[in-house]
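In this note's numbering, the protein residues as written are 626 to 723. Working notes for the structure below.
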């Protein structure tokens, strides 16, 4: 299944509590119902390499590092299926050692 989506670039504040940064994002203004209607999320956080972005203002991670809100220029991802009550997590600027 393929879909074509109308998109617009947008300058906005992106809030990853407690971090909030100004950055560029692409916003879908039209989307097909399949497969998007079945998703349980309302957005996608891009953590790709900054060299693959349109410019560095589109990289959420680069903007967090540039703002000085990340202790180190690293991020970590913990994915959980929720079986034991754990929640998935993305840590910016370090790792959660638990």
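Ideal Cβ placement from N, Cα and C applies to all residues, glycine included.
The three-state reading of DSSP puts residue 688 in helix, counting H, G and I together.
For residue 696, there is no enclosing beta strand (DSSP E), as DSSP marks it with neither H nor E.
Of the residues assessed, residue 685 falls on the buried side of the cut-off, its CB having 16 or more other CB atoms within 10 angstroms. Here the C-alpha atom of residue 690 lies approximately 12 Å from the C-alpha atom of residue 675. Sequence-distant Cβ neighbours of residue 683 in its own chain, meaning closer than 6 Å and more than five residues away, are 649. 719 is the residue among 723, 719 and 666 whose C-alpha sits nearest the C-alpha of residue 697.
Burial is judged here by how many other beta carbons sit within 10 angstroms of a residue's own beta carbon; residue 687 has at least 16 and is buried. Here residue 703 carries a strand assignment [DSSP, helix/strand/coil].
Within the same chain, and ignoring the five residues on either side of residue 672 in sequence, the residues whose Cβ sits closer than 6 Å to its Cβ are 686.
Cβ atoms of residue 700 and residue 713 stay farther apart than 8 Å, at about 13 Å.
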